[in-house]
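For reference, the structure is listed below as structure tokens.
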Amino acid sequence: MAFGRRRDRDDLYNMGLAPGEAPDLWNEKHPEKVLALHRAMVAAGSDLILTNSFGANACRLRIAGAADRVAAINLAAARLARQAADEAGRKVLVAGSMGPTGEIMAPMGRLTEAEAVRIFTDQAEALKEGGADLLWVETISAVEELRAASAAAKAVDLPWSGMMSFEPGGWTMMGVTPPQLAALVERLPRRPVAYGANCGTGPTELLVAVANFAAAGSERPMIAKPNAGVPRYQDGGLIYDATPEVMAEFAVLARDLGVRIVGGCCGTTPAHLAAMRQALESRPRGKRPTADMISQKMAAVAAQATAG
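All residue numbers for the sequence shown refer to the numbering used here, where the first residue is 1 and numbers rise by one.
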């Protein structure tokens with residue numbers, strides 16, 4: 001069982017990241033803070049950590065005036081995560097985080113699939129050079145963009161995992177459903193070693209999406225990596241409403257669904273991860289939960305956490 005999360009602005013905001021500042025730039029600007037976050041996640045029990053490079057592709061870095069620094073920023077991101085992993089004293093995988101370009105793909109938008117392949121390949125090459133063991137492509141909503149990321153993984157000869165982000169209605173922003181994703185991964189230029197869902201509106205909705213992957217009958221290992229609930233500002237910082245107890249219940253339910261890689265996305269802290277690992281190691285495997293069971297159990301533990 002592996003644990004991972006995106007090292008994004010939810011942590012770095014509380015360490016001084018300014019609103020609107022690209023978190024990826026901190027790999028060079030504040031490497032000691034990024035390294036500290038990686039070390040904290042390893043100490044909490046993570047077997048897989050993600051580089052601080054979710055938005056470090058040319059399209060997104062252009063907004064920060066850093067489109068010409070894709071290679072340097074991703075190289076620094078991978079080296080920092082590699083350092084934390086190598087210090088762990090046990091095997092910890094470094095996954096090169098790659099998020100969406102932020103552009104709408106053709107024919108609805110202007111970004112062609114060939115251009116997206118080039119953009120992802122540039123990022124992937126630097127992550128590989130910096131020591132990433134695999135690529136971690138997540139929060140994707142379009143078939144064409146996932147296909148382009150797959151082609152980039154093939155071009156740099158790295159294994160990869162791919163995730164889409166699903167809305168509460170059961171599809172991505174571009175209309176892809178979980179069963180469609182389960183079928184798509186078998187037709188990609190380079191098939192992922194694992195696939196699944198990340199981000200979204202919280203653990204309950206994401207578990208329902210993952211249950212649909214399982215129902216599709218895919219034999220490929222699944223990933224479940226939700227946000228730690230819904231964010232809000234409190235005491236000058238950004239916090240999420242899912243407690244460690246809620247995320248621990250999510251982790252157990254995900255395992256019982258057959259998920260092989262369990263983690264947390266935005267808002268997940270070392271405390272969340274430690275609770276998730278402890279629950280997975282101490283609680284026996286249960287029967288595969290239905291959608292109703294998922295909703296009932298998650299609601300119950302959330303109510304207990306609120307009452308406490």
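Positions of the beta carbon are idealized from the N, C-alpha and C atoms, including for glycine.
Sub-7 Å separation of residue i and residue j beta-carbons
| i | j | result |
| --- | --- | --- |
| ALA209 | PHE166 | yes |
| ILE140 | PRO107 | no |
| TRP171 | LEU134 | no |
| ILE223 | ALA194 | yes |
| SER53 | ALA77 | yes |
| ALA116 | GLU145 | yes |
| TYR13 | LEU238 | yes |
| GLN163 | ALA216 | According to the sequence provided, residue 163 is Met. The question's Gln does not apply to it. Cβ distance not < 7 Å, so MET163 and ALA216 don't count as in contact. |
| VAL185 | PRO178 | no |
| ARG190 | LYS154 | yes |
| LEU111 | SER150 | no |
| ALA142 | MET174 | yes |
| LEU127 | GLY96 | yes |
| ALA64 | GLU113 | no |
| ALA271 | PRO244 | yes |
| PRO23 | LEU80 | no |
Spatial neighbours of residue i in its chain, beta-carbon cut-off 8 Å, leaving aside the 5 residues before and after
| i | result |
| --- | --- |
| ARG39 | ALA84, GLU87 |
| TRP26 | LEU12, LEU17, LYS33, VAL34, ASN52 |
Nearest neighbour of residue i, chosen from the options [CA to CA]
| i | options | result |
| --- | --- | --- |
| LEU75 | MET298, PRO159, ALA56 | ALA56 |
| CYS199 | GLY267, ALA148, VAL193 | GLY267 |
| ALA124 | ALA72, GLY109, VAL92 | ALA72 |
| LYS225 | GLY89, ALA215, THR201, ILE239 | THR201 |
| ALA211 | GLY169, GLY162, GLY258 | GLY258 |
| THR290 | LEU207, GLU113, ARG69 | LEU207 |
| LEU50 | ARG147, GLU28, GLY264 | GLY264 |
| PRO168 | ARG187, GLY229, TRP136, ILE63 | GLY229 |
| ASP122 | ALA64, THR112, ARG69, THR269 | ARG69 |
| GLY286 | GLN296, MET293, ASP256, ALA300 | ASP256 |
| ARG260 | LEU37, ALA36, LYS29, ARG220 | ARG220 |
| GLU129 | MET293, ASP157, ILE104 | ASP157 |
Cβ shell of residue i (< 6 Å), same chain only, five flanking positions each side left out
| i | result |
| --- | --- |
| ARG82 | VAL94, GLY131 |
| LYS91 | none |
| SER218 | ALA182 |
| VAL252 | ALA279, ARG283 |
| PHE213 | PRO178, ALA182, MET222 |
Cβ neighbours of residue i in the same chain (closer than 7 Å, five flanking residues each side left out)
| i | result |
| --- | --- |
| PRO203 | PRO226, ALA242, VAL246, MET247, PHE250, MET298 |
| TYR233 | none |
| PHE3 | Here PHE3 scores only 44 on pLDDT, less than 50, and its place in the model is too uncertain to base an answer on. |
| ALA302 | VAL246 |
The ligand FMN heavy atom lying under 6 Å from the CB of residue i
| i | result |
| --- | --- |
| THR51 | The ligand content of the structure shown is nil, which means the ligand FMN is not present either. |
(message) Give the list of continuous alpha helix (DSSP H) stretches no shorter than 4 residues that lie fully inside the segment 6-61.
(response) 9-12, 26-29, 31-43
(request) Count the CB pairs spanning the segment 58-71 and the segment 31-47 that are closer than 8 Å, and state whether there are at least three. (result) In this structure the segment 58-71 does not touch the segment 31-47; the number of beta carbon pairs closer than 8 Å is below three.
(request) Counting only runs of 3+ residues fully inside the segment 57-110, write out the beta strand (DSSP E) ranges in chain order. (result) 93-98
(message) At 4 residues or longer, what runs of the alpha helix (DSSP H) sit wholly inside the segment 263-305?
(response) 270-282
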